[in-house]
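Single-structure report; data block below.
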Amino acid sequence: RIVYVNGEYVQESDAKISVFDRGFLFADGVYEVTSVLEGKLIDFDGHLRRLRRSLVELAMTIPCPDEELLSIHRELVARNAVVEGLVYLQVTRGAADRDFAFPKNVPQTLVLFTQAKSIVDSPLAKRGARVVSVDDLRWGRRDIKTVQLLYPSMAKMIAQEKGADDAWLVQDGLVTEGTSNNAYIVTQDGTIVTRDLSSDILAGITRAAVLKCARELQMKVEERPFSIAEALTAREAFTTSATGFVCPVVEIDGTALSDGNPGAVAVRLRQAYIEESLKAAI
Ligand code: PMP
Numbered sequence: 003r004i005v006y007v008n009g010e011y012v013q014e015s016d017a018k019i020s021v022f023d024r025g026f027l028f029a030d031g032v033y034e035v036t037s038v039l040e041g042k043l044i045d046f047d048g049h050l051r052r053l054r055r056s057l058v059e060l061a062m063t064i065p066c067p068d069e070e071l072l073s074i075h076r077e078l079v080a081r082n083a084v085v086e087g088l089v090y091l092q093v094t095r096g097a098a099d100r101d102f103a104f105p106k107n108v109p110q111t112l113v114l115f116t117q118a119k120s121i122v123d124s125p126l127a128k129r130g131a132r133v134v135s136v137d138d139l140r141w142g143r144r145d146i147k148t149v150q151l152l153y154p155s156m157a158k159m160i161a162q163e164k165g166a167d168d169a170w171l172v173q174d175g176l177v178t179e180g181t182s183n184n185a186y187i188v189t190q191d192g193t194i195v196t197r198d199l200s201s202d203i204l205a206g207i208t209r210a211a212v213l214k215c216a217r218e219l220q221m222k223v224e225e226r227p228f229s230i231a232e233a234l235t236a237r238e239a240f241t242t243s244a245t246g247f248v249c250p251v252v253e254i255d256g257t258a259l260s261d262g263n264p265g266a267v268a269v270r271l272r273q274a275y276i277e278e279s280l281k282a283a284i
């Protein structure tokens, strides 16, 4: 695989990052994941906008102009012949002597790579995911997409040990989001409920696109927190993320929702999102 590191395209085995890189030592970096369908980038502008925001929040600079970031994405997709999958981008504060204070005048590290993956024909989306609730013990700035992903990894392992696919994180009795996705329920009267945006959750790019689809389809949307108890009374549930699109959730903490099959709203939104995002793909 060809990867991009600080201005160069190299074989992954030749890629080098300093052991002093603050991404490695402090998780001092941010990332974005953009999905690729039919060789094209999905929601690229949204991911770039969020990247800029994450960088600003951490007092980091923009690594290079938007046009250049787009051409690096395209070049990697082409060089690795990715038809379906993702492009991962990471920016760190760079390499400097280990010190908690941010270093000055250090060049940032910019890394991108691709991963081929089937997203449209996902077995998990077809079957529907089983989730379990896990305490949300992450830090308080989840609106920034940092590479500090240890707790979500631990939560995913707790879920797998319980025979589930993923965890829904719970803070003060209310669901924040999944380990790497936004969480939704559909109430018995057909209303889509998902937590409102704040520093408690990541503002998903897929979330914005899917809520837009839902409103265009005249579905009712409420942005507010919900509890696991409320979720257990829901007609259906689902998650959204760049690499999972809309993924139905069929079981929460061992209890099946409705008949235990993917719900109609989730299935419809998944289809609508794929169609709409392909139309706008670049
Ligand atoms: N929440 C968290 C914690 C995530 O890691 C992700 C995926 N990066 C999302 C939500 C979904 O965001 P997006 O739709 O932009 O992939």
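So for the sequence shown, the UniProt record's numbering puts the first residue at 3; every next one is plus one. By construction, the Cβ of each residue, glycine as well, lies at the ideal position given by its N, Cα and C atoms.
- For Glu-77, the uninterrupted alpha helix (DSSP H) run begins and ends at 68 to 81, by DSSP.
- Under the 10 Å beta carbon count, Gln-110 is surrounded by 16 or more other beta carbons and is classified as buried.
- Secondary structure note for Val-212: its alpha helix (DSSP H) is the uninterrupted segment 207 to 218.
- Contact check for Leu-39 against Glu-77 fails: the beta carbons are separated by 7 Å or more.
- For a cut-off of 8 Å, the C-beta gap from Gln-190 to Arg-237 is around 5 Å, short enough to register as a contact.
- With fewer than 16 other Cβ atoms from the protein chains shown falling within 10 Å of its own Cβ, Phe-102 counts as exposed.
- Here Asn-184 is bridged, per DSSP, to Thr-242.
- Around the beta carbon of Lys-281, fewer than 16 other beta carbons sit within 10 angstroms, so the residue counts as exposed.
- If you look at Ile-254, you'll find it in the beta strand (DSSP E) that goes 247 to 254.
- Arg-132 is positioned such that its CB atom lies no closer than 7 Å to that of Tyr-153.
- Here DSSP, grouped into helix, strand and coil, assigns Ala-157 to helix.
- The beta carbon of Val-177 is closer than 8 Å to those of Ser-135, Trp-170, Leu-171, Ala-185, Arg-197, Pro-227, Phe-228, Ser-229, Ile-230, Ala-233 in its chain, skipping five residues each way along the sequence.
- In this structure Thr-181 touches Asp-168 by the C-beta definition: roughly 6 Å separates them, less than 8 Å.
- Looking at the DSSP output, Asp-137 sits in a beta bridge with Val-172.
- In this structure, the straight-line span from the alpha carbon of Ala-244 to that of Leu-53 is close to 14 Å.
- The alpha-carbon separation between Cys-66 and Leu-50 amounts to approximately 11 Å.
- Setting aside the 5 residues that flank it on each side, Lys-222 is surrounded in the same chain by Thr-193, each with a C-beta closer than 6 Å to its C-beta; the list follows chain order.
- For Ala-244, the shortest C-beta to heavy atom distance toward the ligand PMP is below 6 Å.
- Across the structure, Arg-217 and Ile-19 are spaced so that their CA atoms are roughly 45 Å apart.
- Distance from the CA of Ala-283 to the CA of Leu-43, rounded to the nearest whole angstrom, comes to 5 Å.
- DSSP places Glu-86 in no beta strand (DSSP E); its state is neither H nor E.
- In terms of Cα proximity to Arg-55, the closest of Asp-138, Thr-148, Val-89 is Thr-148.
- Nearest neighbour of Leu-126 by Cα position, chosen from Met-156, Ala-274, Gly-246, Asp-255, turns out to be Gly-246.
- Within the DSSP bridge table, the entry for Ile-4 names Gln-13 as partners.
- Judged by DSSP in its simplified three-state form, Asp-23 adopts strand.
- In this structure, Asn-183 and Thr-242 form a Cβ contact; the two beta carbons are roughly 6 Å apart against a cut-off of 8 Å.
- The region 263 to 277 and the region 202 to 212 touch, with no fewer than 3 CB-CB distances between them shorter than 8 Å.
- The Cβ atoms of Val-248 and Val-195 do not sit closer than 7 Å to each other.
- Taking C-beta atoms under 8 Å as the contact rule, Leu-114 and Ile-64 fail to qualify, at a distance of about 15 Å.
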